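Participant: Each residue of the sequence shown is one higher than the one before, counting from 1 in full-length UniProt numbering.
There's a structure below that I have some questions on.
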Amino acid sequence: MKALINRRYGDPSAVLELADLPRPSPARGEVLIRVHAAAVDPGVWILVTGRPPAMRLMGFGVRRPKHPVRGRDLAGVVVETGPDVTTLAPGDEVYGTCDRGSYAEYTVAPVTWLARKPARLSFAEAAAVPVSGQTALAAIRAAGPLTGRRMMITGAGGGIGVFAVQLAIAAGARVTAVCGPGKAALMESLGVDRVIDYTRDEVDRDGPVHDVILDTAGCRPFPLLRRALTRTGRVLLAGGGHDAPGLLGGFTRQLRAPLLTTFARQRFRPVAGRESTAGLEDLSRAIDAGTLTPVIGRTFPLESGADAITHLAGGHPTGKTVITI
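This is the structure in structure tokens:
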């Protein structure tokens with residue numbers, strides 16, 4: 001099978017290559033999937049470049065990647081089931097995540113990380129959902145009741161942001177979207193209450209009026225975010241900072257967040273999505289109800305996967321970047 005791999009860390013254009021690999025076999029609780037589409041997220045950039053250095057000590061490979069095939073999100077068709085699999089069968093269209101790499105013609109994934117693909121979505125649209133959608137879902141749940149409350153979302157036009165905006169509005173929030181000028185029309189079409197163009201105004205433009213801030217961009221100083229927050233508000237940190245310098249890179253921001261709340265009524269906390277069938281099914285219900293729609297900025301063929309990853313890392317793409325296979 002064809003697969004996009006990197007056997008060493010470095011710039012995507014230098015280390016990624018299209019290779020022929022043996023087709024994997026599903027183990028107990030897994031299924032073999034013919035992959036039709038896979039999305040790109042900042043975690044892929046981290047695993048290709050090996051930055052920040054601390055990630056190499058977290059089980060991903062110190063000198064070279066532990067697993068060479070990249071990609072987590074996927075959408076495709078079940079080809080074969082492993083032992084003890086009863087919830088899926090060959091021919092089922094599925095979407096979800098894997099840990100063996102989805103930038104390949106075939107991959108295996110645990111059934112507990114998959115769900116049936118919503119019928120109204122194409123494979124490319126479905127592949128855009130799992131990682132960013134489940135992260136956004138975790139953030140909205142961590143925000144607590146949102147009916148009538150003001151919620152700011154930074155990076156609102158990005159991968160996590162477009163899902164969070166829609167989920168927050170569906171939960172009753174009055175959303176302020178922070179994004180670049182090229183994404184304002186998209187935000188307005190999704191129904192946000194206000195748009196802040198970060199090239200012209202700062203996030204504290206309207207003062208301390210937001211009950212919740214979801215920071216997906218990871219580049220605004222904490223004191224600035226606090227000035228946009230009510231006295232008892234909370235800041236949720238999800239994603240962003242994949243290219244931050246230092247040993248820990250963007251993880252430094254996540255680790256600092258809880259320390260800021262020790263003596264303050266405002267609360268800072270990191271949030272992360274977890275792979276689960278239940279989470280995907282919750283997203284599927286929102287998709288079927290018409291309250292959640294994936295936004296794809298660009299698609300790339302598998303052989304241009306390095307360009308897809310560079311596109312994501314290099315400049316504020318709209319929504320999700322997807323690789324078709």
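The C-beta atom is built at its ideal place from N, Cα and C for all residues, glycine as well.
None of the values given here were measured: they were computed from a predicted structure.
Rank Met187, Thr107 and Ala39 by C-alpha distance to the C-alpha of Val175 and give the top, closest one.
Facilitator: With distances taken between Cα atoms, Val175 lies closest to Met187.
Participant: What's the C-alpha gap between Arg205 and Ser122?
Facilitator: Taking the straight line joining both Cα atoms gives about 39 angstroms.
Participant: Val209 and Arg150: beta carbons closer than 7 angstroms?
Facilitator: Result yes, Cβ atoms of Val209 and Arg150 sit closer than 7 angstroms.
Participant: Exposed or buried, which one is Lys66 when buried takes at least 16 other CB atoms within 10 Å?
Facilitator: Result: exposed.
Participant: Taking the DSSP output, what are the residues bridged to Thr154?
Facilitator: DSSP output for Thr154 lists Val178 and Asp215 as bridge partner(s).
Participant: Whole-angstrom Cβ separation of Ala156 and Ala177, contact assumed at under 8 angstroms?
Facilitator: Going by Cβ atoms, the distance from Ala156 to Ala177 rounds to 4 angstroms, so yes, they are a contact pair.
Participant: Can you tell me which residues form a DSSP beta bridge with Asp20?
Facilitator: BP columns for Asp20 point to Lys2.
Participant: Any idea what DSSP makes of Gly249, helix, strand or coil?
Facilitator: In this predicted model, Gly249 has a pLDDT of only 47, less than 50, meaning its place in the structure is not dependable enough to derive any value.
Participant: Please classify residue 327: is it buried, with 16 or more other beta-carbons within 10 angstroms of its beta-carbon, or exposed?
Facilitator: This structure cannot speak to residue 327, because the chain is shown only from 1 to 325.
Participant: Quick one: grab the DSSP three-state call for Arg7.
Facilitator: In the structure shown, Arg7 sits in coil (DSSP, three-state: anything other than H, G, I, E or B).
Participant: State buried or exposed for Arg7, treating a residue as buried only when at least 16 other CB atoms are found within 10 Å of its CB.
Facilitator: It is exposed - the Cβ of Arg7 has fewer than 16 other Cβ atoms within 10 Å.
Participant: Answer with buried or exposed for Ala27, where buried requires no fewer than 16 other C-beta atoms within 10 angstroms of its C-beta.
Facilitator: Exposed, by the Cβ-count rule.
Participant: Decide yes or no for the touch test of the region 75–90 against the region 43–51: beta carbon pairs closer than 8 angstroms, at least 3 of them.
Facilitator: No contact exists between the region 75–90 and the region 43–51.
Participant: Helix or strand or just coil, what does DSSP make of Arg141?
Facilitator: Note: Arg141 maps to helix in three-state DSSP.
Participant: Excluding sequence positions up to five away, which residues of its chain have a Cβ less than 6 angstroms from the Cβ of Leu114?
Facilitator: These residues qualify, in order along the chain: Val94 and Gly96.
Participant: Do the region 312–322 and the region 279–289 meet, that is, are 3 or more Cβ pairs less than 8 angstroms apart?
Facilitator: Judged by Cβ distances under 8 angstroms, the region 312–322 makes no contact with the region 279–289, as fewer than three pairs qualify.
Participant: Identify, in the order they occur along the chain, each residue of the same chain with its Cβ nearer than 7 angstroms to the Cβ of Ala306, setting aside the five sequence neighbours on each side.
Facilitator: Once the five neighbours on either side are set aside, the close Cβ partners of Ala306 are Pro12, Ser13 and Leu16.
Participant: Would you kindly check if the distance between the Cβ of Thr291 and the Cβ of Ala170 is under 7 angstroms?
Facilitator: Cβ distance < 7 angstroms, so Ala170 and Thr291 count as in contact.
Participant: If you run the structure through DSSP and keep just helix, strand and coil, what is Pro270?
Facilitator: Here Pro270 sits in strand by DSSP.
Participant: DSSP state of Arg100, grouped into three classes?
Facilitator: Three-state result, Arg100: coil.
Participant: For Lys320, which three-state DSSP category applies?
Facilitator: It is a strand residue.
Participant: Could you tell me which residues DSSP puts in a beta bridge with Glu93?
Facilitator: Glu93 pairs with Val77.
Participant: Nearest CA to the CA of Val77: which residue from Leu47, Ser304, Val111 and Asp99?
Facilitator: The shortest Cα separation from Val77 among Leu47, Ser304, Val111 and Asp99 belongs to Val111.
Participant: Take the Cβ of Arg70 as the centre, count every other Cβ of all protein chains shown within 10 Å, and call the residue buried at 16 or more, exposed below.
Facilitator: Arg70 should be labelled buried.
Participant: Taking only three categories from DSSP, how would you classify His311?
Facilitator: Reduced to three states, the DSSP call for His311 is helix.
Participant: Just grab the DSSP bridge partners of Ala39 for me.
Facilitator: Note: Ala39 sits in a beta bridge opposite Val322.
Participant: Does the beta-carbon of Leu225 have 16 or more other beta-carbons within 10 angstroms, so that it is buried, or is it exposed?
Facilitator: When all chains shown are included, Leu225 counts as buried.
Participant: According to DSSP, simplified to helix, strand and coil, what is Thr299?
Facilitator: Note: Thr299 maps to strand in three-state DSSP.
Participant: Tell me Ile196's beta-bridge partners as DSSP assigns them.
Facilitator: BP columns for Ile196 point to Val178.
Participant: Quick check on Val322: buried or exposed, where buried means 16 or more other Cβ atoms within 10 Å of its Cβ?
Facilitator: Val322 comes out buried.
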